[in-house]
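Visitor: Pasting a structure here, questions to come.
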Ligand SMILES: C[S@@+](CC[C@H](N)C(=O)[O-])C[C@H]1O[C@@H](n2cnc3c(N)ncnc32)[C@H](O)[C@@H]1O
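Right under this line is the structure:
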């Protein structure tokens with residue numbers, strides 16, 4: 007039986023606002039493993055804020071101040087002061103007291119905390135041993151549906167924009183479909199020694215001196231160098247390439263697309279006097295109707311004529 011009908015939800019009475027804010031600010035600095043690194047999408051909501059809002063919406067208000075505070079603490083944890091030391095440019099160590107969270111399930115890294123299991127069980131029980139349905143019709147980068155899935159909900163996510171739709175597929179759908187599955191890598195990776203070396207080592211090696219070249223630089227190395235693949239001489243590469251998981255396939259096909267994009271775009275980014283063209287700036291222009299002799303010139307409507315600092319080079 008659904009025990010949530012006609013009862014006040016926690017969010018209607020209280021919300022762990024300070025905790026959700028602290029966890030959200032911290033999350034902005036996370037670079038590894040966060041869905042925001044998959045693809046840029048505007049107005050992404052922090053996962054911590056979504057998790058807090060979902061829990062406070064799915065769970066009923068306990069109706070008693072003490073129990074309510076206990077539930078808020080269970081979700082958000084306690085705000086505690088922590089001494090943080092930083093060193094400034096002169097080498098002086100600065101000690102500051104910063105607010106941080108102790109406990110709760112909102113801080114980055116807590117998503118796999120055992121208390122999340124307890125919340126999942128509680129949510130399911132509350133909804134008559136069924137996963138409650140959550141619909142996000144404007145899902146964008148997928149923060150709300152991802153957190154709803156984490157809480158065991160039956161989720162539907164939609165977005166009008168095809169880029170957002172694809173980000174949603176890659177965030178919510180494909181990882182579930184392909185998790186734990188392995189299948190052979192495409193044959194073309196056999197021509198990429200660095201790729202094979204990383205694949206066999208099971209991790210991406212940081213190659214010193216392999217600085218990122220701009221793709222129009224003549225020295226830009228291709229992913230398919232003509233150098234022979236040493237490993238193939240000892241054993242057929244196919245022996246090693248049969249059980250690659252989704253991450254390796256994404257890496258292989260990502261490199262494949264990158265190589266072709268580089269080839270297609272290189273002509274549009276020529277190297278001039280040894281300097282690569284790095285970007286195009288688009289500016290709205292207006293035609294000067296008062297120009298004599300019918301020669302209506304176009305002028306940039308950019309508020310500034312300066313596109314870079316004096317030390318940087320910039321061509322118009
Ligand atoms: C503020 S963003 C959502 C951000 C999302 N909550 C997140 O955390 O990434 C709003 C989204 O609504 C989508 N949108 C706008 N109008 C829409 C419509 N009529 N139908 C479906 N989606 C729409 C936009 O494409 C955009 O991705």
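In the working numbering, the protein residues as written are 7 to 322.
Glycine included, every Cβ here is placed at the ideal spot set by N, Cα and C.
(1) Using 8 Å for Cβ pairs, my map puts residue 160 next to residue 139. What's the rounded Cβ distance?
(2) Considering Cα atoms alone, identify which of 127, 11, 66, 196 is closest to residue 17.
(3) Do you know offhand how far residue 21's Cα is from residue 115's?
(4) Report whether the distance from the Cβ of residue 147 to the nearest heavy atom of ligand 1 is below 7 Å.
(5) Can you tell me the Cα-Cα spacing of residue 232 and residue 279, whole angstroms?
(6) Pick out the complete alpha helix (DSSP H) segments inside the region 82-170, 4 residues or longer, and give them in chain order.
(7) Straight-line CA distance for residue 260 to residue 117?
(8) When the Cα atoms are used, what is the spatial distance from residue 81 to residue 206?
(9) When you compare only the Cα positions, how much space is there between residue 228 and residue 249?
(10) Alpha carbon to alpha carbon, how far is residue 271 from residue 304? Give it in angstroms, no decimals.
(11) Does the distance between the C-beta of residue 47 and the nearest non-hydrogen atom of ligand 1 fall short of 7 Å?
(12) Anyone know if the C-beta pair for residue 134 and residue 8 falls short of 8 Å?
(13) Within 8 Å, do at least three Cβ pairs link the region 192-199 to the region 251-265?
(14) Alpha helix (DSSP H) containing residue 30: first to last residue?
(15) Considering only residues of the same chain and omitting the five flanking positions on each side of residue 153, which have a CB-CB separation below 8 Å?
(16) Suppose the cutoff is 6 Å on Cβ atoms and the five residues either side in sequence are ignored; what does the same chain contact list for residue 113 look like?
(17) Name the two residues that bound the continuous alpha helix (DSSP H) containing residue 58.
(18) Just the Cα atoms here: how many angstroms apart are residue 120 and residue 109?
(19) Under the DSSP definition of a beta bridge, which residues are partnered with residue 8?
(20) Express the C-alpha separation of residue 40 and residue 200 in angstroms, rounding to a whole number.
(21) Would you call residue 97 buried or exposed, if buried means 16 or more other Cβ atoms sit within 10 Å of its Cβ?
(22) Under a three-way DSSP split, which group does residue 19 fall into?
(23) Can you give me the C-alpha to C-alpha distance between residue 169 and residue 178, rounded to a whole angstrom?
(24) With residue 185 as the anchor, note down where its beta strand (DSSP E) starts and where it stops.
(25) Which residues share a DSSP beta bridge with residue 277?
(26) So, does the CB of residue 269 fall closer than 8 Å to a CB anywhere in chain B?
(27) Can you give me the C-alpha to C-alpha distance between residue 151 and residue 291, rounded to a whole angstrom?
(28) Need the endpoints of the beta strand (DSSP E) that residue 292 sits in, please.
(29) Grouping DSSP H, G and I as helix and E and B as strand, with all else coil, what is residue 296?
(30) Taking only three categories from DSSP, how would you classify residue 329?
(31) How many angstroms separate the CA atom of residue 283 from the CA atom of residue 269?
(32) Measuring straight from C-alpha to C-alpha, what distance separates residue 185 and residue 253?
(33) Where residue 15 and residue 48 are concerned, what is the direct C-alpha to C-alpha distance, given to the nearest angstrom?
Guide: Once the coordinates are examined:
(1) 5 Å
(2) 66
(3) When the Cα atoms are used, residue 21 and residue 115 turn out to be separated by approximately 21 Å.
(4) True, at least one ligand heavy atom lies under 7 Å from that Cβ.
(5) Because residue 232 sits at a pLDDT of 41, beneath the cut-off of 50, its placement in the model cannot be relied upon, and the following sentence gives the value as read from the coordinates. One C-alpha to the other measures close to 28 Å.
(6) When DSSP assignments are scanned along the region 82-170, the uninterrupted stretches of alpha helix (DSSP H) that are 4 or more residues long and fall wholly within it turn out to be 120-132, 149-156.
(7) 28 Å
(8) 42 Å
(9) Because the pLDDT of residue 228 is 48, which lies under 50, any placement of that residue in the model is unreliable, and the number read from its coordinates should be weighed accordingly. If you take the alpha carbons of residue 228 and residue 249, they lie about 26 Å apart.
(10) 27 Å
(11) yes
(12) Taking 8 Å as the Cβ cut-off, residue 134 and residue 8 qualify as a contacting pair.
(13) yes
(14) DSSP places residue 30 in the uninterrupted alpha helix (DSSP H) bounded by 23-33.
(15) Answer for residue 153: 53, 56, 57, 60, listed in chain order.
(16) 29, 107
(17) 53-64
(18) The alpha-carbon of residue 120 is positioned some 11 Å away from that of residue 109.
(19) Note: residue 8 sits in a beta bridge opposite 133.
(20) 26 Å
(21) exposed
(22) coil
(23) 14 Å
(24) Careful: residue 185 lies outside any beta strand (DSSP E) and carries neither H nor E.
(25) 282
(26) Here chain B cannot be found, since the structure has a single protein chain.
(27) 42 Å
(28) 291-293 is the span of the beta strand (DSSP E), which, as asked, contains residue 292.
(29) coil
(30) The requested residue 329 is not part of the displayed model; the chain covers only 7 to 322.
(31) 15 Å
(32) 10 Å
(33) 30 Å
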